[in-house]
Each structure stands twice: as structure tokens, then as C-alpha cells.
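Novice: Right, I'll just put the structure down here and ask away after.
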Amino acid sequence: MPNITHEVELMIRRSSVFFLALATAILPLSANADTVPDQLTETLSVNGQRMPVERVEPTPLEGIFSVRLESGETFYSNASGSHFLVGDLYDNSGEGLVNLTEQSRNQERATAIEEIPESERVVFRGTQPTRATVVVFTDPTCPYCAQLHEQVPELNERGIEIHYLAFPRSGMNGAAARTMQQIWCADNSGDAMTRAKQGEALTNASSCDNPVAAQYDLGMQLGVQGTPALILPDGRLVPGYVPPQRLADMLGLDD
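Going by mature numbering (1 follows the signal peptide of the UniProt record, and there is no 0), the letters in the sequence shown line up with residues -33 to -1, 1 to 222, in that order.
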């Protein structure tokens, strides 16, 4: 029997359809005070299979609700759950085209990151006063992660702290996951991170209580698809290597 929930999640993840909330759209754009219908939060199903709904919220479109699954995927539904819209919701206001879905994702990412204690991060901070903190999902086998790590001293000099989270690209059964567990289990996790990214084989144990698997799962939920993946303080997700000056510009930092 096919996994309908998984199929719907894949459909949402892969969709390139954009739902534009234009002033001339068929559905009117207005402040929506719709009460969230119980059938969306409690009994939403596809082909008879219950969908793992985390929460449902009204949108600016009357009668249309934002549905977030436990996997982190978001889609839109009418009140009865009989019709879905897959893609991003935009507001074509006087400020120009604004991606409301991405704004919501940013808020969710920022909140999720705030809940991770510093003790579960591998932190690199310099002697300069901290002006911004950037969280980086990383993999020690990733060449661009190594390139970014080489720039950490310069970033620290600019007042940018780097907080690493684990995201083994090959999953939790690969060699990278074991190396990351060794990093988090090391007496000096920062030194172990640097040595691993320089290609050195770590020899310490990997069997301590560590957050690698939980951070990998979190990265998947937040939309991380590769490494490095940077989460800025406002929750924006920036994939790939970013040179120090460009990152400083994105953070609004002046030299």
C-alpha cells in the first residue's frame, strides 16, 4: 500500500507552483479572522490516510488556511480539506511582491534555532564584540564547508560568531555521521571540528550522548538540502558557501 502521507510531502517539497495573492485574484485578499476548522486540525486525510498535521493557521485569503505537517512541509487548504494549493503564498501589496510563506518559514527557523542550547553547538567566537551569530549546518566531508571554515577567523574578526550544527549529507548511517559524533564527543569539539575539516581522521570515541541525529532531523525539517547551510539571525536560510564580505553585507554589518 503506498504511503500517501509521504507522497503528499514529496509533492509539496518538489512543487514549483506559485500561488500569487494578487489584488485581482479570484479569492479576495483581506484580513482573515477565520476560525480554524476542526476537520483540518483533527481529521485531515488523503485517500483515507490521516495527515500528520502540526498546526493550521488562517491566511490573508478568506477561506484559505495554511497547513503545516509534522515534517515541516506547508501547503494551503480550503476549510473542508477538499482542495489543496501547493506552493508559496505571495502578497502583491504596495511594498511589492512579498513571499508570505517564506516569511513564515523564516520565523519558524529562527524559533527552532533559538531552542538549541549553546552546549549542543560547536561554537567559534573571536575576541571582538559579537555583532551577529550565524548558525551553520555542516558536514566535515563537504569541501565547501572546509572552505567556509577557513574563513571563520576572518568572520570572527568582523564580529560574526559561527555556531555549527550537524548535518551529515549521507544520512546517519554514513561515515560523516560517525565523524560528527566524534566531534561532538571530543573534549575540545572546536579543535576536533577543525582537524576533521582539514582531513584528519579522529580517533576518539563516538558513543557519547550527542545531538547529531536530532540536529540532522531538524535540518531536514527546516529545509536544509545540502551543506553548508547558513541560518541568519532572522531565520533566512542561505545555502552554500558565502564569502565573508558578502555574508557581512547580508547581515547588514558595516566594516
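The C-beta atom is built at its ideal place from N, Cα and C for all residues, glycine as well.
All figures in this text were calculated on a predicted structure; none of them were measured in a lab.
Provide the residue(s) that pair with Ile198 in DSSP beta bridges, ordered along the chain.
Specialist: In the sequence shown, counting from the first residue as 1, residue 198 sits at position 231. According to DSSP, which records beta bridges pairwise, Ile198 is partnered with Val102, Leu204.
Novice: Alpha helix (DSSP H) containing Pro110: first to last residue?
Specialist: Indexing the sequence shown from 1 puts residue 110 at position 143. Unbroken alpha helix (DSSP H) run through Pro110: 110 to 117.
Novice: Since residue 260 is in the beta strand (DSSP E), which residue starts that stretch and which ends it?
Specialist: It is not possible to answer for residue 260, since the shown part of the chain is limited to -33 through 222.
Novice: Might you give, ordered along the chain, the residues of its own chain that have their beta carbon closer than 7 Å to the beta carbon of Thr97, omitting 5 neighbours on each side?
Specialist: Residue 97 sits at position 130 when you count from the first residue of the sequence shown. So the list reads Gly126, Glu128, once near-sequence residues are dropped.
Novice: Among all the DSSP beta bridges, which residues are the ones paired with Asn45?
Specialist: Residue mapping note: residue 45 aligns to position 78 of the sequence shown, counting from 1. Ile31.
Novice: Measuring CA to CA, which of Thr108, Leu122, Phe51 is closest to Thr146?
Specialist: Position 179 of the sequence shown, counted from the start, is the residue given in the question as residue 146. The candidate whose alpha carbon is nearest that of Thr146 is Thr108.
Novice: Tell me which residues share the same chain as Asp58 and place their Cβ nearer than 7 Å to its Cβ, disregarding the 5 neighbours each side in the sequence.
Specialist: Taking the sequence shown and counting its residues from 1, the one referred to as residue 58 is at position 91. Closer than 7 Å at Cβ, skipping near neighbours: Ala(-13), Pro27, Val65, Leu67.
Novice: For Ala133, name the three-state secondary structure that DSSP assigns.
Specialist: Taking the first residue of the sequence shown as 1, we reach residue 133 at position 166. Three-state DSSP puts Ala133 in a strand.
Novice: Using CA coordinates, which residue listed in Ala181, Gln192, Gly93 is at the minimum distance from Glu82?
Specialist: As a working note, residue 82 is residue 115 in the sequence shown. Among Ala181, Gln192, Gly93, the Cα nearest to that of Glu82 belongs to Ala181.
Novice: Expressed to the nearest angstrom, what Euclidean distance is found between the alpha-carbon atoms of Tyr208 and Pro4?
Specialist: Reading the sequence shown from its first residue, position 241 is the one you call residue 208. Reading the sequence shown from its first residue, position 37 is the one you call residue 4. Going from the Cα of Tyr208 to the Cα of Pro4 covers about 43 Å.
Novice: If you reduce the DSSP assignment to three classes, tell me which class Arg22 lands in.
Specialist: Locating residue 22 in the sequence shown gives position 55, counting from the first residue. Strand, per DSSP.
Novice: Just to confirm my understanding: we take Phe42, look at its own chain, exclude 5 residues before and 5 after, and list those with CB closer than 6 Å. What are they?
Specialist: Within the sequence shown, the letter at position 75 stands for residue 42. Excluding positions up to five away in sequence, the list reads Ile(-22), Val34, Phe51, Val53.
Novice: In terms of residue numbering, what span does the beta strand (DSSP E) encompassing Ser174 cover?
Specialist: Here residue 174 refers to the residue found at position 207 when the sequence shown is read from its first residue. Note, Ser174: premise wrong, no beta strand (DSSP E); not H, not E.
Novice: With DSSP as the reference, identify every bridge partner of Glu128, one or two as the case may be.
Specialist: For this step, residue 128 is matched to residue 161 along the sequence shown. Answer is Thr100, bridged to Glu128.
Novice: Just tell me which of Ser38, Gly63, Cys175, Arg22 has its CA closest to the CA of residue 228.
Specialist: Because the chain in this structure spans residues -33 to 222, residue 228 falls outside the shown range and cannot be described.
Novice: Check whether the region 8 to 24 and the region 159 to 174 touch, using three or more Cβ-Cβ pairs below 8 Å as the test.
Specialist: Touching, no.
Novice: What does the Cβ neighbour count give for Gly48, buried or exposed, with the cut at 16 atoms within 10 Å?
Specialist: Residue mapping note: residue 48 aligns to position 81 of the sequence shown, counting from 1. It counts as buried.
Novice: DSSP on Glu81, reduced to helix/strand/coil?
Specialist: By 1-based counting over the sequence shown, the position of residue 81 is 114. Three-state DSSP puts Glu81 in a helix.
Novice: Quick one: what's Asn59 bridged to in DSSP?
Specialist: Mapped onto the sequence shown, residue 59 falls at position 92. Per DSSP, Leu64.
Novice: Is Ala142 closer than 7 Å to Val179 when the C-beta atoms are compared?
Specialist: Counting from one through the sequence shown, the residue named residue 179 turns up at place 212. Counting from one through the sequence shown, the residue named residue 142 turns up at place 175. In this structure, Ala142 does not lie closer than 7 Å to Val179 by Cβ.
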